[in-house]
Amino acid sequence: MRGYNDHECTKVDRWSLGALLSACANDHEGFRRGEAVHGLVIIFGFGLDTHLANSIVYMYAAFKDVEIAVRVFDDIPNEHRDVASWNILISGLSSNGRTERALGIFKDMISLGMVKPDRLTIISMLKLSAELGRAENSGWLHEYIRSQHSSFLLSNDIVILTALINMHARSGNLDLARKIFDGVEEKNVVCWSAMIANYEQSSYPDEALYLFAKMLKEGGSRRFEVKPDAVTVISTISACAKLGASRPGKVIHKYTIATGLYQDARVGSALIDMYAKCGDIELGRQVFEEMKESSRTVISWSSMIGAEGLHGEGRRALQLLMDMQNEGIKPNEITYICALTACSHAGLVEEGKSCFDSMMSDQCIRPSLKHYCCLVDLLGRSGKLDEAYNVIRNMTIEADVVVWGSLLASCHRHGNGKLGEAVEKKILSLNSNDVGHKVLLANMYEDAGRLDDTIRMRVELRKNGLKKVAGQSFIEVGNKIYNFLAEDHSHHESGLIYKELNDLDARIKRVAKYGPKLINKVEEKELEGIISRCKYHSERLAIAFAVMTMRRNGTSSVTPGGEIPIRITKNLRVCRDCHIYTKLVSEVLRRDLIVRDAHRFHHFKDGICSCRDYW
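Going from the sequence shown to my numbering is simple: count from 1 and add 46.
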């Protein structure tokens, strides 16, 4: 800019102004200079130049000032707009989280009909629709492409086909996504990785593993050899974590070592997370220790802190937080979420509060809703309900239903009905469509005997089309992973599994009534309810299947050297009845059970759970 003032530059043209706009857009502190160049464009009479107008729109979008970007775009006469004008605005809106508005701009582009969308427009819209995740919009866009841009589909354009796969998968239509995937003639690693990731993220981790195995088998037999990359194996490792399947996880671990992918810090972090979620924290620690100190990133440290927290090792997690800072690694927002969660699970109240304060004062990190939720959960678990309530009242941002729901759950567990009623009213006033907290309210009403309120809440769930995520439990037996749903009859031995479950129920009742005194003192009437209310929940079917299989294989009795515990992974939080039931099973059968639910690990041993009945 100084050059123009000193008359060092004798000629101002569209190219020099364009270069200045581009330089400003790429400088995060260039907003004021960018405004000045915008003024020069107008002063020198280039206001109607399409190239410069596009550059200005791009610049303001890069500065996240989308309102000015839209205003500049609107000032461009229709006849002066080219396809780049539309693409820049759509991309700018989308990258700034204005996906609905970007969709509206695309529809305006089509209805005006003066400029036809090109390949970049279509790719941007497919990505945008994937973010929206609405089936009706995805169907409309796919049909538009089929009718107006069929050449992209007929030419087997791998980028567009992969974007189509992502769009339909994230809109809930995995079957159509898979159909498109199967029809792609020359799949590249991005295409394979996309389908595997979509299965993993859509709660079909078993399908993700199957597809990874298929990729290894088919990838080398194609005209162009396709090998998994870091992105592929990270999704597959995450699938193993969701399944709680350490055997295939170890196979993939060996594959990453053989191919050199193990050196990627992201892969190492995924392995740490996987081993922790499979219940083998020692192997997770080993992976972390084997990583070169120079290659450990904030993600690696955060993964290890989260792993320790998942296993209730709060003090280890806090020590890691100190160690990473001593090694010059600056914790980020995710690191503190992991550390605060670790404090909560370990009951380290004062340490957690200190960690929260340090995050703000030492690291200058502004607390997000997730950080506040962790703090409220920490205080709520320890019974400090009034203090948790005051935290919410003094938050610097408005609390959402998740934060209030955390306090509500604590009120429910500690029997604070007065505060619970106030929190309940607040949650209802938010008019949230969050399924989890409506289910929590319904369960609380049921426990309190408020039948009318229970019915009202469940009717509201159905009326609004809100569906609770189906509970699934995974168990690995004989190198094979089995998946159970509630009231599941899909297993070829379901008749025997249900008989085993009924026999197990009868045995628990018999021991509770006539056998030695149980640690879990459950009255006969209450025991009937615990057994019958959630009789066919997925984890109970998995337990029955495990007991049946182990007896068949001759491993049902206690051995002097101990025995392998029953390991189950559930995608949701274990309900209260199933938690008590599993404690009873561990006591009656004298067998350890390790259950990982959506919140934490539960190690059931001799009728006691490691979570101390708070999860």
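Every residue gets a Cβ at the ideal spot worked out from N, C-alpha and C, and that includes glycine.
- The C-beta distance from C237 to I204 rounds to 6 Å, short enough to fall under 8 Å.
- Taken through DSSP and simplified to helix, strand or coil, Y544 comes out as helix.
- A straight-line Cα-Cα distance of about 21 Å links K399 and H460.
- Contact between the segment 616 to 630 and the segment 336 to 353 is absent: fewer than three C-beta pairs spanning the two stretches fall below 8 Å.
- By DSSP's assignment, N529 forms a beta bridge with F520.
- The beta carbon of A353 is closer than 7 Å to those of I318, D319, A322, I327 and G330 in its chain, skipping five residues each way along the sequence.
- Distance between D498 and T282, taken at the CA atoms: about 46 Å.
- DSSP places H458 in the uninterrupted alpha helix (DSSP H) bounded by V447 to H460.
- By the criterion of a C-beta distance shorter than 7 Å, L66 is surrounded in its chain by V83, once the five residues flanking it on both sides are discounted.
- L639 carries a strand assignment under DSSP once its states are collapsed to helix, strand and coil.
- Scanning its chain for C-beta atoms nearer than 6 Å, with the 5 sequence neighbours on each side dropped, one finds around L425 the residues E433 and A434, in chain order.
- In the structure shown, T343 falls within a coil segment according to DSSP collapsed to helix, strand and coil.
- CA-CA distance, M596 to E546, rounds to 12 Å.
- The bridge partners DSSP lists for K651 are I654.
- By the CB criterion at 8 Å, E396 and L364 fall outside the cutoff.
- By a beta-carbon distance limit of 8 Å, I102 does not contact V116. Their separation comes to about 12 Å.
- For a cut-off of 8 Å, the C-beta gap from N234 to N212 is around 14 Å, too long to register as a contact.
- The Cβ-Cβ distance between L453 and V422 falls below 8 Å.
- The three-state secondary structure of T595, taken from DSSP, is helix.
- For the segment 110 to 150, the continuous alpha helix (DSSP H) assignments of 4+ residues that do not extend past its boundaries occur at 112 to 121 and 129 to 141, in sequence order.
- R502 sits in a helix when the DSSP states are folded into three classes.
- Distance from L220 to Y250 at the Cβ level is roughly 7 Å; contact confirmed, criterion being Cβ atoms closer than 8 Å.
- Taking 4 residues as the shortest admissible run, the segment 257 to 342 contains the following complete alpha helix (DSSP H) segments, listed from N- to C-terminal end: 276 to 289, 292 to 305, 311 to 323 and 327 to 336.
- In this structure, P611 and D638 form a Cβ contact; the two beta carbons are roughly 4 Å apart against a cut-off of 8 Å.
- Secondary structure of K153 (DSSP, three-state): helix.
- Residues of the same chain with a CB within less than 8 Å of the CB of R192, apart from the 5 flanking positions on each side, are L199 in chain order.
- If you draw a straight line from the Cα of K173 to the Cα of L166, it comes to about 11 Å.
- In the structure shown, T167 falls within a helical segment according to DSSP collapsed to helix, strand and coil.
- Residue burial annotation: M160 is exposed, with fewer than 16 other C-beta atoms found within 10 angstroms of its C-beta.
- With a cutoff of 8 Å on beta-carbon distance, I654 and I614 are scored as not near each other.
- Beta-carbon to beta-carbon, G64 and A71 are separated by about 11 Å, too far to satisfy the 8 Å threshold.
- Taken through DSSP and simplified to helix, strand or coil, R613 comes out as strand.
- The C-beta separation of G360 from A388 comes to about 5 Å, placing the pair in contact by the 8 Å criterion.
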